[in-house]
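> In full-length UniProt numbering, the protein residues as written are 1 to 450.
First the structure, which I've put down as structure tokens, then a few questions once you've had a look.
This is the structure in structure tokens:
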């Protein structure tokens, strides 16, 4: 089973856009024009932006692992080595055959003229290699021997043991060269770089709330029907760091948990999946807020054994759904694969600040498309009555119901909920409801159908 392990970079370079209509901040991965930044450690195409200098015995070390060297080089150089290797082998053995024939005197006899040693009781004189009259003939014979073309015109006789040994050696060398070159080309062809063309990472990564916790998410999918078995995903954060002793580490690597302990890093990639990193106390992103992200300079490298690639990040966005059920089958719409939508209710604070706010009661934000039906206190009921006064009351029964019940967004970060809650998950209008949340009144009726 072929294991793919492509390497690609998720560069978290922030840039914010201000939309005049909605007055919102979007954290993307650019440098602000006034910010001095470093180049990528891993480029978007998966190539590491690293140059090795002052290496001792570099040619000898690369030649010692010639197979890996040939697999790693560009195709143009590999094809050049392929052609040069065969031409040199044909040329070398052609020179050997030409020297053997020259030493035996095969070129002194015109073709078709026999030599007879009847007086000495010997057989008819025969050349070492039949039908060779010069170097060109010897070179053609070398090609025919190594490639086993077998025209049947030129052949070695029993006259010269050296020529026979040369044929045996060339046959063995030809098999070795064929095996090495074909194996190298096949290994290069089946590398995951080409397989990754049908494996997608979303153009953007997003940060949003999931189950009341800030999460970094990116989506990946497989466009082929052939499945990738035991796909694993890993992520590393790379940034500069100064230790307590003052030592400067330009490329410190920190592991980003994507569910290794729970086995969530193992993916069954039939339909597109969203990889989630929970920004908790153990996360290197725990102290970063949306505004802090604009000032930071770091990079996340995603390694996926089985597939590849990711690029940008958006704060306060979610991915649009791509899997739909239709006609008793599940359909995957890849036109939505890279699309995301804004969730204005996502807090701009860091995960640490969000965790600290959990113990301070309710806060004015909500998560996903959940609403809660609960009983309000006396003060809330008075405010509710004032709002209901502006509505068109159909019946006294409806007014009484609205006075007894108030509908507000569920606060998912509340650890202990003492009030009775009724959660309603609106899966069909998820995107619309997420966008609508900031504009909805605090109290709405049960009959509103939200």
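Cβ coordinates follow ideal geometry from the N, Cα and C atoms, glycine included.
Taking the beta strand (DSSP E) that residue 342 falls in, what are its first and last residues?
Here residue 342 is taken as the residue at index 342 of the chain shown, counted from 1. From DSSP, the beta strand (DSSP E) with residue 342 extends over 340-342.
> What three-state label does DSSP hand residue 75 in the structure shown?
Here the question's residue 75 lines up with position 75 in the chain shown. Residue 75: helix per DSSP, three-state reduction.
> Go ahead and pull the three-state DSSP assignment for residue 295.
As a working note, residue 295 is residue 295 in the chain shown. Residue state, collapsed to three classes: helix.
> Round the Cβ separation of residue 233 and residue 314 to the nearest angstrom and send it over; I've been treating them as touching at under 8 Å.
To locate residue 233, count along the chain shown from 1; it is residue 233. To locate residue 314, count along the chain shown from 1; it is residue 314. Wrong, their Cβ atoms sit about 20 Å apart, outside the cutoff.
> Enumerate, from N- to C-terminal direction, the unbroken alpha helix (DSSP H) stretches of 4 or more residues contained entirely within the stretch 164-228.
Within the stretch 164-228, the complete alpha helix (DSSP H) runs of at least 4 residues are 192-195.
> Can you name, in chain order, every residue of its own chain whose Cβ lies under 6 Å from the Cβ of residue 334, other than the five neighbours on each side?
Translated into the one-based positions of the chain shown, residue 334 becomes position 334. Counting only Cβ-Cβ distances below 6 Å, and skipping sequence neighbours, we find nothing.
> Leaving out five residues before and five after residue 377 in sequence, what residues of the same chain have Cβ atoms less than 6 Å from its Cβ?
To locate residue 377, count along the chain shown from 1; it is residue 377. Here residue 377 scores only 44 on pLDDT, less than 50, and its place in the model should not be relied on; the value that follows carries that caveat. Excluding sequence neighbours, residue 377 sits near nothing in its chain.
> DSSP three-state call for residue 232: helix, strand or coil?
The residue labelled residue 232 in the question sits at position 232 within the chain shown. It is a strand residue.
> Mapping DSSP to helix, strand and coil, what is residue 47?
Looking up residue 47 in the chain shown gives position 47. If DSSP states are grouped into helix, strand and coil, residue 47 belongs with coil.
> With distances taken from CA atoms, which of 131, 83 and 72 is nearest residue 101?
Taking the chain shown and counting its residues from 1, the one referred to as residue 101 is at position 101. The shortest Cα separation from residue 101 among 131, 83 and 72 belongs to 131.
> Considering just the uninterrupted stretch of the alpha helix (DSSP H) at residue 135, what are its terminal residues?
For the purposes of this step, residue 135 is identified with residue 135 of the chain shown, where counting begins at 1. Counting along the chain, the alpha helix (DSSP H) containing residue 135 begins and ends at 135-147.
> Which word fits residue 222, buried or exposed, when buried means at least 16 other C-beta atoms lie within 10 angstroms of its C-beta?
As a first step, residue 222 must be located in the chain shown, where it is residue number 222. Residue 222 comes out buried.
> Residues bridged to residue 248 by DSSP?
In the chain shown, counting from the first residue as 1, residue 248 sits at position 248. DSSP, once it has assigned bridges, lists 242 as partnering residue 248.
> Taking the straight line between their C-alpha atoms, what separation do you get for residue 143 and residue 152?
Looking up residue 143 in the chain shown gives position 143. Looking up residue 152 in the chain shown gives position 152. Those two C-alpha atoms are separated by around 13 Å.
> What are the boundary residues of the beta strand (DSSP E) that includes residue 326?
As a working mapping, residue 326 is identified with position 326 in the chain shown. 323-326 is the span of the beta strand (DSSP E), which, as asked, contains residue 326.
> Is residue 87 helix, strand or coil when you go by DSSP?
Taking the chain shown and counting its residues from 1, the one referred to as residue 87 is at position 87. Reduced to three states, the DSSP call for residue 87 is helix.
> With the cut-off set at 9 Å, would you say residue 276 and residue 264 are in Cβ contact?
Numbered from its first residue, the chain shown carries residue 276 at position 276. Numbered from its first residue, the chain shown carries residue 264 at position 264. Yes, they are a contact pair.
> Under a Cβ-count criterion, where at least 16 other Cβ atoms within 10 Å of its own Cβ denotes burial, should residue 293 be classed as buried or exposed?
Counting from 1 along the chain shown, the entry for residue 293 is found at position 293. Residue 293 should be labelled buried.
> Could you say which of 291, 261 and 270 lies nearest to residue 278 if we only look at CA atoms?
Within the chain shown, residue 278 is the residue found at index 278, counting from 1. Of 291, 261 and 270, the residue nearest in Cα terms is 261.
> Can you give me the start and stop residues for the beta strand (DSSP E) that residue 353 sits inside?
Taking the chain shown and counting its residues from 1, the one referred to as residue 353 is at position 353. Premise fails: residue 353 lies in the alpha helix (DSSP H), 351-357, not in any beta strand (DSSP E).
> Could you say which of 187, 352, 211 and 168 lies nearest to residue 96 if we only look at CA atoms?
Here residue 96 refers to the residue found at position 96 of the chain shown. It is 168.
> Work out the CA separation of residue 218 and residue 319 for me, nearest whole Å.
For the purposes of this step, residue 319 is taken as the residue at position 319 of the chain shown. For the purposes of this step, residue 218 is taken as the residue at position 218 of the chain shown. Computed Cα separation, rounded: 8 Å.
> Per DSSP, which one or two residues make a beta bridge with residue 278?
In the chain shown, residue 278 corresponds to position 278, counting from 1. Beta-bridge pairing links residue 278 to 215.
> Going by other Cβ atoms of all chains shown within 10 Å of its Cβ, with 16 needed for buried, is residue 321 buried or exposed?
Along the chain shown, one-based indexing puts residue 321 at 321. Looking at its Cβ environment, which holds fewer than 16 other Cβ atoms inside 10 Å, residue 321 is exposed.
> Have a look at 128, 72 and 226 and flag the residue whose alpha-carbon is nearest the alpha-carbon of residue 108.
To locate residue 108, count along the chain shown from 1; it is residue 108. Ranking the options by Cα distance to residue 108, first place goes to 128.
> Where do the N-terminal and C-terminal ends of the beta strand (DSSP E) with residue 330 fall, by residue?
The residue labelled residue 330 in the question sits at position 330 within the chain shown. Run containing residue 330: 329-332, per the beta strand (DSSP E) assignment.
> Can you name the start and end residues of the alpha helix (DSSP H) that residue 61 belongs to?
On the chain shown, position 61 is the one that residue 61 refers to. That run of the alpha helix (DSSP H) goes 58-64.
> Within a Cβ cutoff of 8 Å, which residues of the same chain sit near residue 289, ignoring the five residues on either side of it in sequence?
Walking along the chain shown from the start, residue 289 turns up at place 289. The answer, listed in chain order, is 348, 349, 350 and 353.
> In the DSSP output, which residue or residues are listed as bridge partners for residue 261?
As a first step, residue 261 must be located in the chain shown, where it is residue number 261. Paired residue(s): none; residue 261 is not in a bridge.
> So, are the CB atoms of residue 301 and residue 236 less than 9 Å apart?
By one-based count along the chain shown, residue 301 stands at place 301. By one-based count along the chain shown, residue 236 stands at place 236. In contact: residue 301 and residue 236 (Cβ atoms closer than 9 Å).
> Short check: CB of residue 205 to CB of residue 214, under 9 Å?
By 1-based counting over the chain shown, the position of residue 205 is 205. By 1-based counting over the chain shown, the position of residue 214 is 214. Not closer than 9 Å, so no.
> Measure the alpha-carbon distance for residue 325 versus residue 228 and round it to whole angstroms.
On the chain shown, position 325 is the one that residue 325 refers to. On the chain shown, position 228 is the one that residue 228 refers to. Using only the alpha carbons, I get a separation of about 23 Å.
> By the 10 Å Cβ neighbour count, where 16 or more other Cβ atoms means buried, how is residue 239 classified, buried or exposed?
By 1-based counting over the chain shown, the position of residue 239 is 239. So residue 239 counts as buried.
> Do you know whose CA, among 250, 273 and 282, lies nearest residue 257's CA?
As a position in the chain shown, residue 257 is number 257, starting the count at 1. Comparing Cα-Cα distances from residue 257 to each of 250, 273 and 282, the minimum goes to 282.
> Measure the Cβ-Cβ separation of residue 220 and residue 272 and say whether it is below 9 Å.
Counted from its first residue, the chain shown places residue 220 at position 220. Counted from its first residue, the chain shown places residue 272 at position 272. Yes, these two residues count as a Cβ contact at 9 Å.
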